[in-house]
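Per mature numbering (1 follows the signal peptide of the UniProt record, and there is no 0), the sequence shown runs over residues -20 to -1, 1 to 109.
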Amino acid sequence: MKTFTHFFMTAVLFTTLALAGSCRKDKESAAPPSPVLGTWKGSVTGKGDPIPIRFDILDNGTVIAQAQSAQFSGTWKLTANDFEAGFVVESIKATAKGTLSEGKNKITGTWLENNNGKITEQQLTLSKN
């Protein structure tokens, strides 16, 4: 009888452990990467000739922009299909705002600069490479 009780208790323990293990949720998979990550090239167009611009959008929330001979970094966010990036270079604050295309390969919007109160708004177009 003692052997049977020991065997029974061992069986109950293993069954409990097996059932508890099967109830455990699988690890949730990581969220897919943002569709804006990567390199984007395009232009900022105002009154003069278009100025080529390049955005390197990183998964840590940083964006590095290169235009003409300048390079500067800022932060970005994507809410639904609304893209926004902000930069501060010395006394100039710049904001890029645009809409991500349905194909997730174009951003069109505006480039807004505030240079000590002098505000300029230009057209921004970017395509993903």
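Ideal Cβ positions, reconstructed from N, Cα and C, are used throughout, including at glycine.
Residues bridged to residue i (per DSSP)
i	result
LYS57	GLU64
GLY89	GLY78, LEU104
ALA50	ALA47
Residue i, enclosing beta strand (DSSP E) - first and last residue
i	result
LEU80	72 to 80
SER23	18 to 25
LEU104	98 to 108
ALA45	42 to 47
ASP36	31 to 37
Candidates the options: closest to residue i by CA position
i	options	result
GLU93	ILE87, LYS86, LYS73, GLY83	LYS73
GLY28	LYS108, ARG34, GLU101, SER107	GLU101
GLN103	ASN96, SER81, LYS77	LYS77
ASP62	SER71, THR90, VAL68	THR90
PRO12	SER23, THR88, THR19, ASP39	ASP39
LEU58	ILE87, ALA45, GLU70, ILE33	ILE87
LYS21	SER71, PRO15, GLY54, ALA47	ALA47
ILE99	LEU80, ALA50, GLY26, PRO30	GLY26
SER49	ASN85, VAL16, ILE31	ILE31
GLN51	SER81, VAL68, SER107	VAL68
THR75	SER81, TRP56, ALA60, ASN85	TRP56
ASN85	SER107, ALA10, GLU64	SER107
THR79	VAL16, ALA45, ASP36	VAL16
Rounded distance between the beta-carbons of residue j and residue i, thought under 8 Å
i	j	result
VAL24	ILE33	5 Å
ASN95	SER71	7 Å
GLY66	GLY83	So it is not a contact: roughly 25 Å between Cβ atoms.
heavy atom of the ligand NAD below 7 Å from residue i C-beta
i	result
PRO15	As for the ligand NAD, it is missing from this structure, which has no ligand bound.
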